[in-house]
Structure formats: C-alpha cells, structure tokens
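Trainee: Once you know that position 109 of the sequence shown is 109 in my numbering, the rest is easy, because the numbers rise by one and skip nothing. Can you keep this structure in mind? I'll have questions shortly.
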Amino acid sequence: MKVFSLLKIFVFLVSLIAAIITIIVFVFPTQERIKMSVSYVSFENLTDENRSKEPELNAVYYYKGETIDHLWKVRVNFENTSNKTIIGRGSQKNIIPDTITLNVKKGCRLIDKKLVHTDFAHNMQIINNDLVSIGFDQWRSGEAMDYFLYIQIPEGLPKDANDILSQPESRQIIDGDIFFNLSLESEGKDKLVTSFLPSKVKKIIYIVAIGYLGVTILVLFIIIFCIVIDFVRKKQWLKINIDEYKKFLSTKVEEGTQEYNKYLKRPDKFWDKYSSSDFQGKKYPRNIMLDDLSIANYKSLLSAALIIIICIVLAGTIFIDLIQLFP
1 MKVFSLLKIF VFLVSLIAAI ITIIVFVFPT QERIKMSVSY VSFENLTDEN RSKEPELNAV
61 YYYKGETIDH LWKVRVNFEN TSNKTIIGRG SQKNIIPDTI TLNVKKGCRL IDKKLVHTDF
121 AHNMQIINND LVSIGFDQWR SGEAMDYFLY IQIPEGLPKD ANDILSQPES RQIIDGDIFF
181 NLSLESEGKD KLVTSFLPSK VKKIIYIVAI GYLGVTILVL FIIIFCIVID FVRKKQWLKI
241 NIDEYKKFLS TKVEEGTQEY NKYLKRPDKF WDKYSSSDFQ GKKYPRNIML DDLSIANYKS
301 LLSAALIIII CIVLAGTIFI DLIQLFP
C-alpha cells in the first residue's frame, strides 16, 4: 500500500470519527450539571511576614478598634465554569436559597473584602465574620468575579488551603455543585488560544484534534506491528530460499560484483528491478503496508521502531492532555 493511499484512508477515518462524535455531542447532548468554581489565586501574609522581614518597621491592622494579628490577604476567583446560567431570582431560579453562602473555616475570621474584577452585577456580604453571602440575578457561563478577602488565620495557612472557604452541608444549586481548588496562577499568565472561542466552536476543534491524534496513535501501532511482521517474513524467506535465489540472481547479475553483493543482502531492491516470473522458489513477500518502506537489517528495524514509539509517546501525551482540557 502506497503512503498516499494510506494518507487518504487516514484522513477518511479521522473525518468519519470526528463527524460521529460531533453528532453525538450536539444532537444527543448529555444533561450537564451546573458548576461553580472557587479558586484561590494568591495568599499574602500581611502581618507576620512583614514583621519577620522588617522587625523594626511594623504595620498594625485594626478592626473595630481591635488589633488584628495573623492577617492574610487571599485573592479568590468565583466563576461559573458550566455552560448553564445560574439564576438567583425569579420563577426560573436554580438555586435553592436566596443567595449562595460559603462558610469560613472554623477558627478563622473574615475581616473585610475588596472587589478586584467582576463580569456581572452581584452583591457580596460578610455575615458575622464567618459567612460569605453572594446574591445575583443571573450568573452566565464563563462569567467570574475576583475578590481580595482579608482573613485572620491564627494558626497560619493550612497545608490544604482549599478548606478556608467551604459550602454548607445542604446543597444550594439545583443539579449543580461548588468546587474548590488552588489556582495560584500569576496574573500575567497567558490564556489558552481556545479560551476566546465560543463553547461550541471550541468543542468541535477539540473533537477533531482528539480524533486525529487517536487515529494517528492507532495507525502508528499498526505500522510498527506491520514492519516487524514484514521484516520477519522476509528474513524467513531468505533463509528458506537462499540457494534458489543465488542461482536466479547469478542469471541476472554477474556473480562477485558489487551489484551482486548488494542484491544478495537486499532482495527487495532486486525484485524492484527484475521480474520474478522465472523464479522457481517461493515468491518474495511484499510489505503488508507501506510498499516504499524497506527495512534491511536489525539496526534499521530498531531505529524505525524507536522513532515510531517516540511519536506514539508524544502523540499520546498530547492526546491525554486534550481529553483532560476538553471543555
């Protein structure tokens, strides 16, 4: 099979797989759950850290006349990471209480807040220094807000900082949930190119890319299997038919010449040039696929196998990453 023919089959298979997956995703969509993401972007110790760096120059923080120690400035991002709108008011609201509330870790006190950025109108309130209340009308997909939360953490920042904020035991979002994670990304970090694309366009691009990589990995496995089988078959042929082949070769090429020695080691080159119709032995085996690919010795076989395995590992790594990033 020629490489061009293999490429045509490859493109057809990928296109077919991508079309089937696209139809399944968009014609038979699954019921998606609402996801609200709470991400901790940065932590800054405002009191203890400055005191250790400059012991003679201290900043003192007061709250309602009380001196505040162990004060942390925590940047938190709140985002609707699902494709559904979270509705907070009206007959179609999909949250159970009137507002979404988050608990502050026991022993900690939420002193103050400062809005950094928001994509939608909302109202955040601090209740009794241990509860955050978020009220809104509509919170659309992809919309987010960033806050600096000033929290007193007497015992220092815990190893698992995810639990500084938590949701109550009772669920608040109908067919949805709140997820907490550590982001700790720098503000200048570039976003993915696809983050600026509409959700459906992004899904199609990911589906096609995953389909191409999946078929590529499958084809590479098939190729490495076929070249090993072809190599073994040709070695077996030469071992069984060596005497007949030498006799036939001497009728076409003068024995002892450089050309004779070349064809003796590379029967594939000989049969590419001369007809085998008069040959008395078993026909020389052709490649299962990739007719123009010829492996002459074990060194070439190992080199080809190593290159293909490296390609499989690289493609497999990207394939897994794309699945994990699939929107």
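Ideal Cβ placement from N, Cα and C applies to all residues, glycine included.
Mind checking if Lys106 is an interface residue toward chain C, Cβ cutoff 7 Å exclusive?
Mentor: This model lacks chain C altogether, as it is built from one protein chain only.
Trainee: How big is the Cα-Cα spacing for Gly176 and Ile95?
Mentor: Their backbone Cα atoms lie some 9 Å apart in a straight line.
Trainee: Which one or two residues does DSSP pair with Ser42 in a beta bridge?
Mentor: Answer by DSSP bridge pairing, in chain order: Arg75.
Trainee: Taking Ile224 as the reference, give the member of Phe78, Leu301, Phe120, Asp130 with the closest Cα.
Mentor: Of the candidates Phe78, Leu301, Phe120, Asp130, the one whose C-alpha sits nearest the C-alpha of Ile224 is Leu301.
Trainee: Using three-state DSSP, classify Thr99 as helix, strand or coil.
Mentor: Coil, per DSSP.
Trainee: Could you check if Met36 belongs to the surroundings of the ligand ATP, using beta carbon to heavy atom distance under 6 Å?
Mentor: What this structure holds is no ligand at all, so the ligand ATP is not there to describe.
Trainee: Classify Ser250: buried if its beta carbon has 16 or more other beta carbons within 10 angstroms, exposed otherwise.
Mentor: With fewer than 16 Cβ atoms within 10 Å of its Cβ, Ser250 is classed as exposed.
Trainee: Quick one, are the C-beta atoms of Lys73 and Leu46 less than 7 Å apart?
Mentor: Result yes, Cβ atoms of Lys73 and Leu46 sit closer than 7 Å.
Trainee: My assumption, with CB atoms under 8 Å, is that Asn80 sits in contact with Met36. Please give the rounded CB distance.
Mentor: Yes, Asn80 and Met36 are in contact; Cβ-Cβ is about 6 Å, under 8 Å.
Trainee: Would Gly65 pass as a contact of Asp137 if the rule is Cβ separation under 7 Å?
Mentor: Not closer than 7 Å, so no.
Trainee: On the criterion of 16 or more Cβ atoms from any shown chain inside 10 Å, does Val201 qualify as buried, or is it exposed?
Mentor: It counts as exposed.
Trainee: Check whether the Cβ atoms of Ile153 and His70 lie closer than 7 Å to each other.
Mentor: Yes, Cβ-Cβ distance for Ile153 and His70 is below 7 Å.
Trainee: Please determine, among Asp119, Thr67, Trp139, the residue with the shortest C-alpha to C-alpha distance to Gln92.
Mentor: If we check each option's Cα against that of Gln92, Trp139 comes out closest.
Trainee: Could you give the first and the last residue of the continuous beta strand (DSSP E) run that contains Asp112?
Mentor: First-last of the beta strand (DSSP E) with Asp112: 109-118.
Trainee: Quick one: what's got a C-beta closer than 7 Å to Glu259's C-beta in the same chain, skipping five residues either side?
Mentor: Val253.
Trainee: Would you report the Cα separation of Glu244 and Trp237, rounded to the nearest angstrom?
Mentor: For Glu244 and Trp237, the distance between alpha carbons rounds to 11 Å.
Trainee: If you draw a straight line from the alpha carbon of Ile323 to that of Ile210, how long is it in whole angstroms?
Mentor: The straight-line gap from Cα to Cα measures roughly 7 Å.
Trainee: In chain order, what residues of the same chain lie with their CB nearer than 6 Å to the CB of Asp146, ignoring the 5 residues before and after it?
Mentor: Result list for Asp146: Asn77, Val116, His117, in chain order.
Trainee: When the Cα of Lys203 is compared with those of Val228, Phe326, Val38, which residue comes out closest?
Mentor: If we check each option's Cα against that of Lys203, Phe326 comes out closest.
Trainee: Who are the Cβ neighbours of His122 in its own chain at under 8 Å, not counting the five residues just before and after it?
Mentor: Contacts found: Ile134, Gly135, Phe136, Trp139, Met145.
Trainee: Does the beta-carbon distance from Asp163 to Lys106 come in below 7 Å?
Mentor: Not in contact: Asp163 and Lys106 (Cβ atoms no closer than 7 Å).
Trainee: DSSP state of Gln258, grouped into three classes?
Mentor: Correct three-state label for Gln258: helix.
Trainee: Under the DSSP definition of a beta bridge, which residues are partnered with Ser369?
Mentor: In the structure as shown, the chain begins at 1 and stops at 327. Residue 369 is therefore absent and cannot be evaluated.
Trainee: With a 10 Å radius around its C-beta and 16 neighbouring C-beta atoms as the bar for buried, classify Gly214 as buried or exposed.
Mentor: Burial call: buried.
Trainee: How about Tyr40 and Leu182: do their beta carbons lie closer than 7 Å?
Mentor: The answer is yes: Cβ separation under 7 Å.
Trainee: If Val38 and Phe179 are in contact, beta carbons under 8 Å, what's the gap, nearest whole angstrom?
Mentor: Contact flag correct, Cβ pair sits at about 7 Å.
Trainee: Expressed to the nearest angstrom, what Euclidean distance is found between the alpha-carbon atoms of Gly156 and Pro198?
Mentor: Between Gly156 and Pro198, the C-alpha separation is close to 42 Å.
Trainee: Quick check on this structure: which residue in Val208, Leu131, Ile68, Pro97 has the alpha carbon closest to the alpha carbon of Ile20?
Mentor: The shortest C-alpha separation from Ile20 is found at Val208.
Trainee: Could you tell me the alpha carbon to alpha carbon distance between Lys269 and Glu32, rounded to whole angstroms?
Mentor: Looking at the two C-alpha atoms, the distance is approximately 59 Å.
Trainee: Look at the Cβ atom of Ile318, then the Cβ atom of Leu220, and state whether they are nearer than 7 Å.
Mentor: Not in contact: Ile318 and Leu220 (Cβ atoms no closer than 7 Å).
Trainee: Given a cut-off of 7 Å, decide if Gly316 and Ile217 are closer than it, judged by their beta-carbon atoms.
Mentor: Yes, these two residues count as a Cβ contact at 7 Å.
Trainee: Around the Cβ of Lys239, are there at least 16 other Cβ atoms within 10 angstroms (buried) or fewer (exposed)?
Mentor: Answer is exposed; the Cβ neighbour count stays below 16.
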